[in-house]
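>
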Amino acid sequence: MSAVGEAERRRAPNPVRAHLEAIAAALSRALKPPMTLMYPDVVEELPEGYRGVIAYRYERCVGCGLCARICPARAIKMYKVPGDKRMRPGYDMTRCIFCGFCVDVCPVNALEHTKIHDKAYYELDSMVLDPVEWAEFSRRLIEEQSARSRSPNLVRAVFDEEVGLRYERLRRS
Amino acid sequence: MAIDAGSPAIRARQIGVEEGLRVVELFIGPQHPASGHMRLVVYLDGDVVVKVDPDIGWVHRTMEKLAETREYVKTIPIFERMTIIDSCNITLALVQAYEALLGVEPPPRARYLRTILCELNRIASHLYGLGIGGIFLNHSTMYMWAFGDREVFLTLAEMLTGARLTHTYVVPGGVRRDLPQGFTDAFAKAKRYMLRRLKEYDKIFLRNPVVRSRLEGVGVLERAKAKSLGVVGPNLRASGVRYDARMLGYAAYGELEFEPVVGEYGDSLERIWVRLKEIETSLDLIEQALRQLPEGPVMAERYLKMLPPALRKLVESTGRVKLPAAYVNLRPPPGEALSRAEAGRGEIVYYVVSDGTDKPYRVRVVSPSFRNAVLFMVLPVGHRFMDLPAIYASLDYFPPEADR
Ligand code: SF4
Ligand code: SF4
Chain R
10 MSAVGEAERR RAPNPVRAHL EAIAAALSRA LKPPMTLMYP DVVEELPEGY RGVIAYRYER
70 CVGCGLCARI CPARAIKMYK VPGDKRMRPG YDMTRCIFCG FCVDVCPVNA LEHTKIHDKA
130 YYELDSMVLD PVEWAEFSRR LIEEQSARSR SPNLVRAVFD EEVGLRYERL RRS
Chain C
1434 MAIDAGSPAI RARQIGVEEG LRVVELFIGP QHPASGHMRL VVYLDGDVVV KVDPDIGWVH
1494 RTMEKLAETR EYVKTIPIFE RMTIIDSCNI TLALVQAYEA LLGVEPPPRA RYLRTILCEL
1554 NRIASHLYGL GIGGIFLNHS TMYMWAFGDR EVFLTLAEML TGARLTHTYV VPGGVRRDLP
1614 QGFTDAFAKA KRYMLRRLKE YDKIFLRNPV VRSRLEGVGV LERAKAKSLG VVGPNLRASG
1674 VRYDARMLGY AAYGELEFEP VVGEYGDSLE RIWVRLKEIE TSLDLIEQAL RQLPEGPVMA
1734 ERYLKMLPPA LRKLVESTGR VKLPAAYVNL RPPPGEALSR AEAGRGEIVY YVVSDGTDKP
1794 YRVRVVSPSF RNAVLFMVLP VGHRFMDLPA IYASLDYFPP EADR
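Chains R and C, in that order, are what the protein sequence lines are.
Residue numbers for the first sequence follow the working numbering, so the first one is 10 and each next one is one higher.
Residue numbers for the second sequence follow the working numbering, so the first one is 1434 and each next one is one higher.
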């Protein structure tokens, strides 16, 4: 097929020709566009179902605690919320490994993945959220997600036979 | 070029000579000399390697012990981190062992999807090894190319699972997501691209006289020796042994046409050639699997029927599995299971003992890199020192996998 066949590999290549071929291969690639994602100047449109930071909807949650029980990283813990009879989940973003088990096990779809995974904080503590904070944070996160999807710098990865991946701009700037 | 008498290497040798020593000890690592944290203690007589002592264990994370303290489903992400670049292959055997204990069979479609992701992982993992191998030989173009092309397959895996590396895709009873729309087309393009690229790889790497002079005839592993040392994976096959755990026919391999790539000479060049050839085999396997992909659910009926009707509908419409509450603490009956699979670096073996509780009593794993680590003691002896990186390059050794 394509790679060096058995017989061809055994034959030591002609050194002059092989050197020239190697250089030619590198040159011909150099003329093609590179598959570099110019992060963070561009925003990549991530595929449907991308597993990013978890968003929580307080009003949907029934407080069953399954998410906390299945979390392999112990990122979700159940908290007592003043004025609420049920325990509610809180989220420790420093621990989350984005496995998505909590999303899959939640019986009422109160949890969902956002497409955001890149967030920076000044303090570690601000990444540990109690249920009320998590719900508030999730609202902002979902807003941020839709803002990103409207970004003028949105690009999408397109598979290409020539260059492998191409990052195509979705909007003219 | 004048040799700088003050360079550390020259100094080290001088110190040895001054002290009346013939053999000089050289420590390589443990700060990430290559594919992970490990240390090679090399004994040199002049420029000739007398002995190598692989000092492994720097990235030991007590995975086996941790697994005893976690519910079954939670152990999957732990073991995934053994070889993060090959995570589906590395956890498939574990899940198969759990399934044997639980007495649950994955539906046919799930078996095919497992095969598809495993082969995507294998391609990405071989490209990773090739890239690292390239930089070992100071061939930075190969490094850049292989890592760039790996991204194509990571993007495919991301389409399928939602994560680039830590897929956590295979779970007891099936897989977590159905094939997304547009995957087959995307893969067809990726395949044509990769076949084209393999030809370029030949030109710039495999047939490049500079690379060949570093790899050909270096670190030859004879067939009998490979067998007696218990080496696995491409390193074994490059020595002419036709053994590949995929021949067992787990997942969908039994239903696909598959012939392992077997080399002959067992030198460093052969080991890299076997990996490149395996990329082609993997592309072909994925294509076959996509063509023959059976219809049906991706999760075992046993777990799907525990879901409330509304969630079942959701699973059908989105193709994303929801897990029933019982999944949190799966309780297999007491017993033991042994399971094997072919990961990118060779055969991985899991032995699981259940005592009937919701946590495994014991999980033993023998990883391919661990079985290949012995080659560091055998292959470089008698070679020049600069052959050591070339040999390491060809072994595709991954320390976190060996150390667990
Ligand atoms: S994604 Fe995984 S690690 Fe993160 S909170 Fe959910 S279950 Fe825990
Ligand atoms: S699993 Fe869902 S409903 Fe249950 S506590 Fe967690 S978020 Fe709430």
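Idealized CB from N, CA, C, for every residue including glycine.
Tell me, please, whether the CB atom of residue 1786 of chain C is closer than 9 Å to any CB atom in chain R?
Translated into positions along the second sequence, residue 1786 of chain C becomes position 353. So, not an interface residue.
> Taking the CB atoms as reference points, tell me whether residue 1545 of chain C and residue 1505 of chain C lie closer together than 9 Å.
Along the second sequence, one-based indexing puts residue 1545 of chain C at 112. Along the second sequence, one-based indexing puts residue 1505 of chain C at 72. Not a contact, by the Cβ cut-off of 9 Å.
> Output yes if chain R places a C-beta closer than 9 Å to the C-beta of residue 1594 of chain C; else output no.
Locating residue 1594 of chain C in the second sequence gives position 161, where the first residue counts as 1. Chain R contact via Cβ: present.
> Rounded to a whole number of angstroms, what is the C-alpha to C-alpha distance between residue 1456 of chain C and residue 1581 of chain C?
Position 23 of the second sequence, counting from 1, holds the residue named residue 1456 of chain C. Position 148 of the second sequence, counting from 1, holds the residue named residue 1581 of chain C. Looking at the two C-alpha atoms, the distance is approximately 42 Å.
> Please tell me whether, using a cut-off of 8 Å, the distance from the CB of residue 1595 of chain C to the nearest non-hydrogen atom of ligand 1 is below it.
In the second sequence, the residue the question calls residue 1595 of chain C occupies position 162. Residue 1595 of chain C: no, Cβ never under 8 Å from ligand 1.
> Suppose contacts are defined by Cβ-Cβ distances below 9 Å. Is residue 153 of chain R in contact with residue 167 of chain R by that definition?
Residue 153 of chain R sits at position 144 when you count from the first residue of the first sequence. Residue 167 of chain R sits at position 158 when you count from the first residue of the first sequence. Contact flag unset, no.
> Give me the chain C residues within the contact set of residue 67 of chain R, using Cβ-Cβ distance strictly less than 8 Å, ordered along the chain.
Position 58 of the first sequence, counted from the start, is the residue given in the question as residue 67 of chain R. Within chain C, no residue comes near residue 67 of chain R; the closest Cβ sits about 20 Å away, beyond 8 Å.
> In whole angstroms, what separates the C-alpha of residue 1837 of chain C from that of residue 29 of chain R?
Along the second sequence, one-based indexing puts residue 1837 of chain C at 404. Along the first sequence, one-based indexing puts residue 29 of chain R at 20. About 44 Å.
> Name, please, each residue of chain C whose Cβ falls closer than 8 Å to the Cβ of residue 22 of chain R.
Taking the first residue of the first sequence as 1, we reach residue 22 of chain R at position 13. Under the 8 Å cutoff, chain C gives 1640, 1642, 1645.
> Of all the options R:170, R:162, R:163, R:140, which has the alpha carbon lying nearest to the alpha carbon of residue 72 of chain R?
Here residue 72 of chain R corresponds to residue number 63 of the first sequence, with the count starting at 1. Looking at the Cα atoms, R:140 is the closest of the given residues.
> Is any beta-carbon of chain R found at less than 9 Å from that of residue 1674 of chain C?
The residue you call residue 1674 of chain C lines up with position 241 of the second sequence. Chain R, which has no Cβ nearer than 9 Å to the Cβ of residue 1674 of chain C, makes this no.
> Among R:107, R:132, R:84, R:119, which has the Cα closest to the Cα of residue 125 of chain R?
Taking the first sequence and counting its residues from 1, the one referred to as residue 125 of chain R is at position 116. Looking at the Cα atoms, R:107 is the closest of the given residues.
> Give the residues whose C-beta lies closer than 7 Å to at least one heavy atom of ligand 1, in chain order.
Any residue whose Cβ sits closer than 7 Å to a heavy atom of ligand 1 makes the list: R:63, R:76, R:79, R:80, R:81, R:82, R:84, R:85, R:100, R:104, R:105, R:106, R:107, R:108, R:109, R:110, R:111, R:112.
> Chain R beta carbons: is any one of them nearer than 9 Å to that of residue 1582 of chain C?
For the purposes of this step, residue 1582 of chain C is taken as residue 149 along the second sequence, with counting starting at 1. So, interface residue.
> Run down chain C in chain order and give the residues with a C-beta less than 8 Å from the C-beta of residue 71 of chain R.
For the purposes of this step, residue 71 of chain R is identified with residue 62 of the first sequence, where counting begins at 1. Within 8 Å Cβ-Cβ: nothing; residue 71 of chain R doesn't reach chain C, min ~12 Å.
> Whose C-beta lies closer than 7 Å to the C-beta of residue 115 of chain R among residues of the same chain, with five residues either side of it excluded?
Counting from 1 along the first sequence, the entry for residue 115 of chain R is found at position 106. Same-chain partners within the cutoff: 75, 76.
> Against residue 1651 of chain C, what residues of chain R qualify as contacts under a CB-to-CB distance less than 7 Å, listed in chain order?
The sequence position of residue 1651 of chain C within the second sequence is 218, counting from 1. What residue 1651 of chain C touches in chain R: nothing, since even the nearest Cβ is about 15 Å away.
> With 9 Å set as the bound, which would you pick, yes or no: does the beta-carbon of residue 44 of chain R sit closer than that to a beta-carbon of chain C?
As a working mapping, residue 44 of chain R is identified with position 35 in the first sequence. Interface residue, yes.
> So if I threshold CB-CB distances at 9 Å, which residues from the region 44-60 of chain R count as touching chain B?
Absent from the structure is chain B; the protein chains it does hold are R and C.
> Does residue 1531 of chain C come out as helix, strand or coil in the three-state DSSP assignment?
Counting from 1 along the second sequence, the entry for residue 1531 of chain C is found at position 98. Three-state DSSP puts residue 1531 of chain C in a helix.
> Chain R partners of residue 1609 of chain C, CB-CB under 8 Å?
Numbered from 1 along the second sequence, position 176 holds the residue referred to as residue 1609 of chain C. Within chain R, the residues near residue 1609 of chain C are 109, 113.
> Taking the beta strand (DSSP E) that residue 65 of chain R falls in, what are its first and last residues?
Here residue 65 of chain R corresponds to residue number 56 of the first sequence, with the count starting at 1. Unbroken beta strand (DSSP E) run through residue 65 of chain R: 63-65.
> Kindly examine ligand 3 and report whether one of its heavy atoms sits closer than 8 Å to the Cβ of residue 1551 of chain C.
Because ligand 3 does not appear in the structure shown, any question about it cannot be addressed here, the ligands present being ligand 1 and ligand 2.
> Secondary structure at residue 1736 of chain C, three-state DSSP: helix, strand or coil?
As a position in the second sequence, residue 1736 of chain C is number 303, starting the count at 1. Here residue 1736 of chain C sits in helix by DSSP.
> Which of the three DSSP states is assigned to residue 168 of chain R in this structure?
As a first step, residue 168 of chain R is located in the first sequence; it is residue number 159 there, counting from the start. Strand.
> Is residue 114 of chain R near ligand 2 - that is, is its Cβ less than 8 Å away from at least one heavy atom of it?
Reading the first sequence from its first residue, position 105 is the one you call residue 114 of chain R. For ligand 2, at least one heavy atom lies less than 8 Å from the Cβ of residue 114 of chain R.
> Would you please state the rounded distance, in angstroms, between the beta carbons of residue 1619 of chain C and residue 1589 of chain C? I believe it to be under 8 Å.
Mapped onto the second sequence, residue 1619 of chain C falls at position 186. Mapped onto the second sequence, residue 1589 of chain C falls at position 156. Correct: roughly 6 Å between the Cβ atoms.
> Using CA coordinates, which residue listed in C:1756, C:1715, C:1717 is at the minimum distance from residue 1735 of chain C?
Residue 1735 of chain C sits at position 302 when you count from the first residue of the second sequence. Checking every option, the nearest Cα to that of residue 1735 of chain C belongs to C:1756.
> Please name the residue, chosen from C:1644, C:1635, C:1523, C:1606, that lies closest to residue 1572 of chain C on a Cα-to-Cα basis.
On the second sequence, position 139 is the one that residue 1572 of chain C refers to. Residue 1572 of chain C has its Cα closest to that of C:1644, out of C:1644, C:1635, C:1523, C:1606.
> Report the rounded CA-to-CA distance for residue 1684 of chain C versus residue 1481 of chain C, giving the unit in angstroms.
Position 251 of the second sequence, counted from the start, is the residue given in the question as residue 1684 of chain C. Position 48 of the second sequence, counted from the start, is the residue given in the question as residue 1481 of chain C. Rounded to whole angstroms, residue 1684 of chain C to residue 1481 of chain C spans 46 Å at the Cα level.
> Given 8 Å as the limit, tell me if residue 1759 of chain C has its C-beta closer than that to any heavy atom belonging to ligand 2.
For the purposes of this step, residue 1759 of chain C is taken as the residue at position 326 of the second sequence. Checking every heavy atom of ligand 2 against the Cβ of residue 1759 of chain C, none is found closer than 8 Å.
> What do you reckon, are the CB atoms on residue 1578 of chain C and residue 1630 of chain C nearer than 9 Å?
In the second sequence, residue 1578 of chain C corresponds to position 145, counting from 1. In the second sequence, residue 1630 of chain C corresponds to position 197, counting from 1. In this structure, residue 1630 of chain C lies closer than 9 Å to residue 1578 of chain C by Cβ.
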